[in-house]
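Scroll down for the structure; my scribbles are underneath it.
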Amino acid sequence: MIKHLFYDMDDTLVRTRSNWIAATWAYAQAHQLPVPFNEITTLLGKNCRDICVDLDRSFRHVGNEGVDFHADELRRLLRDEFDRDPPGEIPGATQFLRTMAKRCQQYIVSGSPLEVVSQVVMRNHWSPYIQKVVSSESVRKGKPDPEVYDRLRSSLHAKRVECLIFEDSPAGVEAARRAGIRCICINPQVPVPGSELLLQTVPDFATLLASPHLLESIDSDSL
83 MIKHLFYDMD DTLVRTRSNW IAATWAYAQA HQLPVPFNEI TTLLGKNCRD ICVDLDRSFR
143 HVGNEGVDFH ADELRRLLRD EFDRDPPGEI PGATQFLRTM AKRCQQYIVS GSPLEVVSQV
203 VMRNHWSPYI QKVVSSESVR KGKPDPEVYD RLRSSLHAKR VECLIFEDSP AGVEAARRAG
263 IRCICINPQV PVPGSELLLQ TVPDFATLLA SPHLLESIDS DSL
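Residue numbers for the sequence shown follow our numbering, beginning at 83 and rising by one.
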């Protein structure tokens with residue numbers, strides 16, 4: 083039986099694509115990195131530190147300042163973008179969280195900084211439905227590495243079959259696959275590779291709520 087639901091936040095629960103693109107582009111421009119704008123989207127789904135590491139592999143710009151210094155800069159830019167343009171929810175997200183809170187424990191597992199995630203939870207009044215918020219910045223490697231999911235599941239003493247993940251990006255879906263946990267892909271903006279653990283792909287939570295099959299499957303453990 084499904085007991086624990088793990089949700090990515092960015093572009094899964096709320097639309098943050100433009101926030102992340104704007105912050106990452108501003109960071110690249112500030113350091114005069116010749117990264118094409120369309121390649122910024124390939125970094126989505128990763129946390130600030132991992133984005134800086136990926137850019138440094140290409141441009142070797144971090145130098146003596148260190149990657150943590152640069153990650154802090156990107157976090158500040160991202161916070162500014164969230165303040166300037168608060169993201170709207172993916173259709174049906176609040177209703178889905180409210181509905182599933184009666185059935186399962188729910189957790190947000192995001193690549194965004196913890197304070198940004200907490201801000202989104204507060205603005206959308208999701209605290210009654212969420213047991214815990216986890217940032218992938220709290221582990222050594224972010225998505226697509228499964229460490230953040232592995233640690234959370236272990237802390238709950240939960241079996242893999244008792245968990246279900248909601249993700250939107252290739253990095254997130256790959257993290258779910260490597261964690262050995264079934265996954266539903268929500269609101270994908272780029273093609274997501276198939277996996278034996280990828281149950282379905284839908285545009286939003288309203289679509290899931292419109293079909294009673296998922297709720298029945300969770301209740302009966304027939305996913």
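Using N, Cα and C, we set each Cβ at its ideal position, and we do this for glycine too.
| Item | Value |
| --- | --- |
| Three-state class that DSSP yields for ILE266 in the structure shown | strand |
| Rounded straight-line distance, which links the Cα of GLN188 to that of LEU179 | 8 Å |
| N-terminal and C-terminal residue of the beta strand (DSSP E) that LEU280 is part of | 280-284 |
| Residue span of the alpha helix (DSSP H) that contains VAL230, given as start and end | 229-237 |
| For SER217: DSSP bridge partner residues | SER192 |
| Distance between GLN282 and GLY145 (C-alpha atoms, nearest Å) | 43 Å |
| Buried or exposed by the 16-neighbour rule on C-beta atoms within 10 Å, applied to GLY127 | buried |
| Bounding residues of the beta strand (DSSP E) (the contiguous stretch that carries LEU87) | 86-89 |
| Every unbroken beta strand (DSSP E) within the stretch 142-207, with a cutoff of 3 residues, ordered by chain | 187-192 |
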